[in-house]
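Each remark here refers to the structure printed beneath this line.
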Amino acid sequence: MTRARVVVSLGVAALLAVAFVVLPTWSGIGSVLAAQPVQQPPAADVAATLAAPTPAYRTESREVGEGELAGEVLRAMGLDAATLVPAAAGRFDKISPGDRFTADWRTGEDKPFRVRLAHDPAQTVELVRSGDRYVSRVVPVPYRTEELAAAVTVTSSLWAAATEVGFSPQQILGLAKIFEYDVDFNTELVEKARFRFVLDRLTADDGSQRVGDIRAAILDNGGKTYVAIRYTTKDGTTAWFGKDGAARRKTFLRSPLEFSRVTSGFTTGRYHPILHRMRAHKGVDLAAPTGTPVRAAADGVVARAGWAGGHGNHVELKHDGGYATGYSHLSFIGVKAGEHVHQGEVIGRVGTTGLSTGPHLHYEFLVNGVNKDPMKSIVPIAQPLPDAEKPDFFKVRDALLPMLEGATELAASPARETPEQKDRVSL
Ligand SMILES: [Zn+2]
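Structure, rendered in structure tokens:
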């Protein structure tokens, strides 16, 4: 594996979109970061292709869409999902949008002789047919890694910018995930916020490219700068650390929803739309479509899960240090009282149960039993890097920071945005 250093800039006007889905996966960006040379087939090959009566086999592939299950993708490709999914023995379970299924058929056969899933950049899952059965195996993909630095500025429309360079807003905003403890991307991302990042680009022997890990990122947001360096400790834990080795994983997420807008903030008195009288609003309302996953803001224990009058379907979590969080109007509750939950775990889904005028999450944050504004509360941070690890960490950091600082953008090209696309992000 060779490791070259390349600095590339992405010309990206991005958006103040406030509303987006952040995905943990980065698959797919690599192909756009790389300018692929246009290959003209030699004339002899073209002639040979024209002369060939039937190709020996045909190949069809399909990318996994948002929220799709393996079985659905396979069925959409006209394949026998009922046979293939069990044959994969769980290896098709953890797919993400942007992963790709490919099926290969021999001429004259109605069942593919091979079905592949490109999920992990380092390996492909293959189902190979033997008679009527399929046997699964994992095939390592040899690749070489390069580090790329790029910058993205949030200016007008992220969707337009993403389209411009050929990838989805979800993919760009995988970056946001790194900073979700610092900035609530629903409410706090300012116009002209700028991301700079270094990531791995993996190139396989066949020339196909994928994005590997993000190694470091900087977010400049409204005068505040956040630095995140990825580092693996001697005990094998990979985590994000600040410039000085401080842990970036904090006790509370800034928002239990990845995708929403605040429709009603925390107040001590407001006119209640259903009760028609002034009433304190002891939380924030985050509007999002029914069914949007609601995440536990921190590790904790479920103190209450069930119907709670005006709160509708309601979950309350108790956290260490006298903290508690509440999640109301859920369409679905996914946890039971007494259960332990981890930060980020889906505990229910957005709904409009109880006293509610439309789908939203009413989110409360309590410190020692007193309601506080979740958007303004200062949250404690986790353990910093042990002193013994710091010299190694600083070496990693000092190699990455100059790359981050040198990341520049191309001039933003005029946005090519259709009204349809705009609707999809400005929810
Ligand atoms: Zn509310």
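Per numbering that gives the first Met the number 0, the sequence shown runs over residues 0 to 426. Beta carbons are placed, not taken as given, at the ideal position from N, Cα and C, and that holds for glycine. Bear in mind the structure is a predicted one, so any value in this text is a computation, not a measurement.
How many angstroms separate the CA atom of Thr-407 from the CA atom of Pro-401?
-> Start at 1 with the first residue of the sequence shown, and residue 407 comes out as number 408. Start at 1 with the first residue of the sequence shown, and residue 401 comes out as number 402. Straight-line Cα distance between these residues: approximately 12 Å.
So does Gly-282 have its beta carbon nearer than 8 Å to some heavy atom of ligand 1?
-> Here residue 282 refers to the residue found at position 283 of the sequence shown. Answer for Gly-282: yes, Cβ within range of ligand 1.
C-alpha distance - Ala-286 paired with Asp-234, whole-angstrom precision | The count along the sequence shown starts at 1 and reaches residue 286 at position 287. The count along the sequence shown starts at 1 and reaches residue 234 at position 235. Their Cα atoms are separated by approximately 41 Å.
Can you tell me whether DSSP reads Arg-396 as helix, strand or coil?
-> The residue given as residue 396 occupies position 397 in the sequence shown. In the structure shown, Arg-396 sits in a helix (DSSP, three-state: H, G or I).
Just list the beta strand (DSSP E) runs in the segment 199-252, keeping only unbroken ones of 3 residues or longer that don't cross its boundaries, in chain order.
-> 208-220, 223-231, 237-240
Can you tell me which of Gly-244, Glu-71, Gly-89 puts its alpha carbon nearest to the alpha carbon of Lys-389?
-> As a first step, residue 389 is located in the sequence shown; it is residue number 390 there, counting from the start. Comparing alpha carbon positions, the residue from Gly-244, Glu-71, Gly-89 closest to Lys-389 is Gly-244.
Do Phe-392 and Ile-228 have their CB atoms nearer than 9 Å?
-> As a working note, residue 392 is residue 393 in the sequence shown. As a working note, residue 228 is residue 229 in the sequence shown. Cβ atoms of Phe-392 and Ile-228: closer than 9 Å.
Name the DSSP beta bridge partners of Arg-90, please?
-> To locate residue 90, count along the sequence shown from 1; it is residue 91. Paired residue(s): none; Arg-90 is not in a bridge.
Contact test: Ser-129 Cβ vs ligand 1 heavy atom, cutoff 8 Å | As a position in the sequence shown, residue 129 is number 130, starting the count at 1. No, the Cβ of Ser-129 stays beyond 8 Å of every heavy atom of ligand 1.
Report the rounded CA-to-CA distance for Thr-48 versus Ala-102, giving the unit in angstroms.
-> Reading the sequence shown from its first residue, position 49 is the one you call residue 48. Reading the sequence shown from its first residue, position 103 is the one you call residue 102. Reliability of the predicted coordinates at Thr-48 is poor, the pLDDT of 45 falling under 50, and the value obtained from them is presented with this limitation in mind. C-alpha separation (whole angstroms): 21 Å.
Do you know offhand how far Val-182's Cα is from Thr-237's?
-> By one-based count along the sequence shown, residue 182 stands at place 183. By one-based count along the sequence shown, residue 237 stands at place 238. About 21 Å.
Under the DSSP definition of a beta bridge, which residues are partnered with Gln-434?
-> Nothing can be reported for residue 434: it is not among the residues displayed for the chain, which extend from 0 to 426.
Quick one: using the 10 Å Cβ neighbour count with 16 as the cut-off for buried, is Glu-71 buried or exposed?
-> Your numbering for residue 71 matches position 72 in the sequence shown. With a 10 Å radius around the Cβ and a threshold of 16 neighbouring Cβ atoms, Glu-71 comes out exposed.
Is it buried or exposed for Glu-59, if we count other Cβ within 10 angstroms and need 16 for buried?
-> In the sequence shown, counting from the first residue as 1, residue 59 sits at position 60. When all chains shown are included, Glu-59 counts as exposed.
Any idea what DSSP makes of Ala-406, helix, strand or coil?
-> The sequence position of residue 406 within the sequence shown is 407, counting from 1. Looking at Ala-406 - three-state DSSP - the assignment turns out to be coil, as it is neither helix nor strand.
Compute the Euclidean distance between the alpha carbons of Asp-319 and Val-340, then round it to the nearest angstrom.
-> Within the sequence shown, the letter at position 320 stands for residue 319. Within the sequence shown, the letter at position 341 stands for residue 340. For Asp-319 and Val-340, the distance between alpha carbons rounds to 12 Å.
Between the beta-carbon of Gly-282 and the beta-carbon of Phe-265, is there less than 9 Å?
-> To locate residue 282, count along the sequence shown from 1; it is residue 283. To locate residue 265, count along the sequence shown from 1; it is residue 266. Cβ atoms of Gly-282 and Phe-265: closer than 9 Å.
Would you please state the rounded distance, in angstroms, between the beta carbons of Leu-256 and Val-293? I believe it to be under 8 Å.
-> The count along the sequence shown starts at 1 and reaches residue 256 at position 257. The count along the sequence shown starts at 1 and reaches residue 293 at position 294. Confirmed, about 7 Å.
Look up Glu-62 in the DSSP assignment and say whether it is helix, strand or coil.
-> Reading the sequence shown from its first residue, position 63 is the one you call residue 62. The three-state reading of DSSP puts Glu-62 in strand, counting E and B together.
Between the CA atoms of Arg-214 and Lys-231 - distance to the nearest angstrom = By 1-based counting over the sequence shown, the position of residue 231 is 232. By 1-based counting over the sequence shown, the position of residue 214 is 215. For the record, residue 231 in the displayed sequence is Thr; it is not Lys. The C-alpha of Thr-231 lies about 11 Å from the C-alpha of Arg-214.
Could you tell me if Arg-143 is buried or exposed, where buried requires 16 or more neighbouring beta carbons within 10 angstroms of its beta carbon?
-> Taking the first residue of the sequence shown as position 1, residue 143 is located at position 144. Arg-143 comes out exposed.
Cβ shell of Gly-357 (< 8 Å), same chain only, five flanking positions each side left out = In the sequence shown, the residue the question calls residue 357 occupies position 358. Answer for Gly-357: Ala-286, Thr-351, listed in chain order.
From Asp-199 to Ala-149, what does the alpha carbon distance come to, in whole angstroms?
-> As a position in the sequence shown, residue 199 is number 200, starting the count at 1. As a position in the sequence shown, residue 149 is number 150, starting the count at 1. If you take the alpha carbons of Asp-199 and Ala-149, they lie about 11 Å apart.
Please classify Trp-239: is it buried, with 16 or more other beta-carbons within 10 angstroms of its beta-carbon, or exposed?
-> Here the question's residue 239 lines up with position 240 in the sequence shown. Result: buried.
Report the option in Leu-73, Gly-77, Pro-96, Ser-95 whose CA atom is closest to the CA atom of Pro-85.
-> Residue 85 sits at position 86 when you count from the first residue of the sequence shown. Distance from the Cα of Pro-85 is smallest, within the candidate group Leu-73, Gly-77, Pro-96, Ser-95, for Leu-73.
According to DSSP, residues forming a beta bridge with Phe-194 | Locating residue 194 in the sequence shown gives position 195, counting from the first residue. DSSP, once it has assigned bridges, lists Val-151, Leu-218 as partnering Phe-194.
From Asp-372 to Val-124, what distance separates their C-alpha atoms?
-> By 1-based counting over the sequence shown, the position of residue 372 is 373. By 1-based counting over the sequence shown, the position of residue 124 is 125. Rounded to the nearest angstrom, the two C-alpha atoms are 47 Å apart.
Lys-371 by DSSP, collapsed to three states: which one?
-> Within the sequence shown, the letter at position 372 stands for residue 371. Note: Lys-371 maps to strand in three-state DSSP.
DSSP-derived helix/strand/coil call for Asp-391 | As a position in the sequence shown, residue 391 is number 392, starting the count at 1. In the structure shown, Asp-391 sits in a helix (DSSP, three-state: H, G or I).
According to DSSP, residues forming a beta bridge with His-313 = Taking the first residue of the sequence shown as position 1, residue 313 is located at position 314. Paired residues: Gly-305.
Other residues of its chain near Phe-112: CB distance less than 8 Å, five sequence neighbours each side excluded | Residue numbering aside, residue 112 sits at position 113 when the sequence shown is read from its first letter. Here the set comprises Tyr-56, Asp-103, Trp-104, Arg-105, Val-127, Arg-128.
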